[in-house]
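Just so you know, the sequences run in chain order F and P.
Counting from 191, one number per residue, gives the positions in the first sequence under this note's numbering.
Counting from 191, one number per residue, gives the positions in the second sequence under this note's numbering.
Where is the CB? At the ideal position from N, CA and C, for every residue including glycine.
The structure presented is a predicted model; accordingly, all values stated were derived computationally and were not measured.
There are 2 protein chains.
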Amino acid sequence: MLPIHEQISEALRSRIRSGELPVGSRLPPESTLMEEFGVARGTVRRALRTLNEQGIVQTLQGKGTYIRSGRPEPSIAQTLVGLSESLSYSEKSLTTTVLTQEVVPVSAYPEFPTSVDPAEKLLYLDRIRYLDNVPVARLRNWVRLQLAPGIESTDFVTTALFTALEACVRGRVASGRRTFEAVLADGDIAESLEISTIVPLLFLKQVTYLDDGDVVECSDVWMDSQHVTVAMNLVR
Amino acid sequence: MLPIHEQISEALRSRIRSGELPVGSRLPPESTLMEEFGVARGTVRRALRTLNEQGIVQTLQGKGTYIRSGRPEPSIAQTLVGLSESLSYSEKSLTTTVLTQEVVPVSAYPEFPTSVDPAEKLLYLDRIRYLDNVPVARLRNWVRLQLAPGIESTDFVTTALFTALEACVRGRVASGRRTFEAVLADGDIAESLEISTIVPLLFLKQVTYLDDGDVVECSDVWMDSQHVTVAMNLVR
DNA sequence: CAGTGGTCTAGACCACCGG
DNA sequence: CGGTGGTCTAGACCACTGC
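What follows is the structure, given as C-alpha cells:
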C-alpha cells in the first residue's frame, strides 16, 4: 500500500505517458485535483513536488503546472546509478577488467566513515572500464560486507557492482553523495588508462547510503574526460 | 522579507557553520524547533527539506535529522542556479571582478546553438570569482540580448548573472544542461586564477533554457577544484 | 514503551499572473 | 478582477526507532 501522494503522482505520470495529458499542456489546478482524488491540498502538492523533482512537470506561481517536453538524456550525475548503468546508454561496447578483488579490514581505507567498527571487513575492488576497448575509467570500491553479505563472491567481470549490491543488501540502496574534482593522474592510474601523468582526469568520490542511512559503499573513480562526458540536466 | 521557512533554514545553516551544531550530531527534533521558532510543524519541515536538498543534513525516519559530514560544500550540481547562488552557502565571502562586459555579435561565440539568427547580439561577460579573496573560478557567459533586453547595463560586480537574467527575461529561466571535464589551464586562465598551467581545472560548460525551450545563455566556467568542490546528492 | 519523523486534513491569507 | 500557486497554522494518526 503506497502513500496516497505517490498513488497520485503515479496516476498523473501514467496520464502523461499515455498522451492523455500532452506535452506542454497545463495540469488541472490543485483545487481540481483535490476534488478529483478526494484529498487535501497538501497531498496534491506533495504529489506535484515529486513530479517537479523528477523533471516531468514544472510549476509556475500564478500560472499553473505544465508538462515538460521530452525525456531528459541519460546522465551520470542525475540519479544514483553505477557507472556501467550510465555508460550503457551509449552505443559503444562496455567491458571491465578486474585488477583486484579481495576482502580487507576497514583500516585499509582510512577515509571510510568513522562510524564503522574497525573490526568489520570490506570488499575491495579495483577495476578498469573500457568503451570499445579504450580504457576510460579506473574504479576503486570499498563495500561493507556486513551490509552486503556474499557480495565478495560475485564475478565482477560480468556483473556491475550496483547490480550485485542491490542483490546482496538487506535494505534498499537509497541515496548517495558524489563530489567531483580535477586531478592529475598518478603513475599507476595513468598507466592503466594508457595516458601520461600530465593529462587531467575527473576524479569522482562517492559515498552510497542505504535507506536507513548506513554507509554501504565508498568509491574513488578516475575518468578520462576526453572519452567520458559527465553531463547533467538541471531544473530551476 | 524572506519566508519564515527560509529564515529558519538559514538560521540552522548558520549554527552548523559556526560549529554550534557539530558535524554528525543530531538536530533538535521537529517538535523542539517548532517551539523555538514559534511556528507550526509544517514550516519546520519545509525548512528541513531545503537543508536536505542542499545536502547539509540527512533526515531519517524514527531517528532524527543529522548533520552531514564535511564542510557544507556548495552543491552546484543539483538544481539550476548560478555559481554565486551555490557558493553563497559557504561561510566564505564571495566577490567578483568583471574583466569584460560588452555586446558582441552571435558569431563571436561559434559554439552558440545554430538555431540562433547570426544577426542577433549577445552580451559577453568575462569574470573572476573570489572566495575570501582567493580566485576560484573564471566565468565566461554569452547571453542573448533579444531574450533578456536591458541586461547589458547591469552592474555585474554587485549583481549575479542569474539574478539579472531572471529580472530581464520575459519567460522563466527553466532548465539547463551542464557538462564537466577536467582540463589544464591555458595561460590566460591560469594567470587569472593565480595558478600554474599544469594545475588541472574543472571545466563546466552550460546551456540555459527558458520555459519555452529557447536557449538564453551559454557559459564556460573554469574552477579550481582545490578551492571549490562540486558536490551532488543522488537518489535511487 | 516514548520519541521520532511521514502522512494527511481543513482551513487561512498572501503574492503573482492574466485578461 | 478571478484564478493560480506559495506559505502557514493546528491539529490528527501512523510507521519506524531505540530502549
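If you count every other CB in all the chains shown that lies within 10 Å of the CB of residue i, and 16 or more means buried, which is it?
i                      : result
residue 209 of chain F : exposed
residue 413 of chain F : buried
residue 199 of chain P : buried
residue 230 of chain F : exposed
residue 202 of chain P : buried
residue 308 of chain P : exposed
residue 388 of chain P : exposed
residue 423 of chain P : buried
residue 245 of chain P : buried
residue 331 of chain P : buried
residue 363 of chain F : buried
residue 359 of chain F : buried
residue 463 of chain P : The structure shown has nothing for residue 463 of chain P, since chain P only spans 191 to 426.
residue 196 of chain F : exposed
residue 265 of chain F : Confidence in residue 265 of chain F is poor, its pLDDT being 48 and thus under 50, which makes the residue's placement unreliable; the coordinate value appears in the next sentence. Counting Cβ neighbours within 10 Å, residue 265 of chain F comes out buried, since at least 16 surround it.
residue 261 of chain F : Low confidence applies here, because residue 261 of chain F scores a pLDDT of 47, under 50, leaving its location unreliable; read the following figure in that light. Exposed.
My assumption, with CB atoms under 8 angstroms, is that residue i sits in contact with residue j. Please give the rounded CB distance.
i                      : j                      : result
residue 312 of chain P : residue 333 of chain P : 6 angstroms
residue 325 of chain P : residue 390 of chain F : In fact, because the Cβ distance is near 18 angstroms, the residues do not count as touching under 8 angstroms.
residue 340 of chain F : residue 401 of chain F : About 20 angstroms; that fails the 8 angstroms criterion.
According to the Cβ coordinates, are residue i and residue j closer than 7 angstroms?
i                      : j                      : result
residue 316 of chain P : residue 348 of chain P : no
residue 319 of chain P : residue 344 of chain P : no
residue 250 of chain P : residue 403 of chain F : yes
residue 411 of chain F : residue 327 of chain F : yes
residue 234 of chain P : residue 241 of chain P : no
residue 248 of chain F : residue 239 of chain F : no
residue 310 of chain P : residue 336 of chain P : yes
Between residue i and the ligand FAD, is there a pair consisting of the residue's CB and a ligand heavy atom that are separated by less than 6 angstroms?
i                      : result
residue 367 of chain F : Of ligands this structure carries none, so the ligand FAD is not represented either.
- Message: Please list, in chain order, the residues of the stretch 360-384 of chain F that have any C-beta partner in chain P closer than 9 angstroms.
- Response: 362, 363, 364, 365, 366, 367, 368, 369, 370, 371, 372, 373 and 374
- Task: Decide yes or no for the touch test of the stretch 407-421 of chain P against the stretch 375-384 of chain P: beta carbon pairs closer than 8 angstroms, at least 3 of them.
- Result: yes
- Would the stretch 213-232 of chain P and the stretch 247-260 of chain P be scored as touching if the rule is three or more Cβ pairs under 8 angstroms? yes
- Message: Output needed in chain order: residues of the stretch 405-421 of chain F with a Cβ under 7 angstroms from some Cβ in chain P.
- Response: 415, 419, 420 and 421
- Task: Pair every Cβ in the stretch 387-401 of chain F with every Cβ in the stretch 365-379 of chain F, then say whether three or more of these pairs are closer than 8 angstroms.
- Result: yes
- Is the stretch 350-363 of chain F touching the stretch 400-410 of chain F, taking contact as three or more C-beta pairs under 8 angstroms? yes
- Answer yes if the stretch 284-295 of chain P comes into contact with the stretch 372-380 of chain P, meaning at least three C-beta pairs across the two stretches below 8 angstroms, and no otherwise. no
- Message: So if I threshold CB-CB distances at 8 angstroms, which residues from the stretch 200-213 of chain P count as touching chain F?
- Response: none
- Query: Just by C-beta distance, which residues in the stretch 311-331 of chain P are closer than 9 angstroms to chain F?
  - Reply: none
- Message: Under 7 angstroms, CB to CB, which of the residues in the stretch 234-258 of chain F have a partner in chain P?
- Response: 248 and 250
- Task: Give the residues from the stretch 388-399 of chain P that approach chain F closer than 7 angstroms (Cβ to any Cβ), ordered along the chain.
- Result: 388, 390, 391 and 392
- Message: Beta carbons nearer than 8 angstroms to chain F: which residues of the stretch 337-357 of chain P have them?
- Response: none
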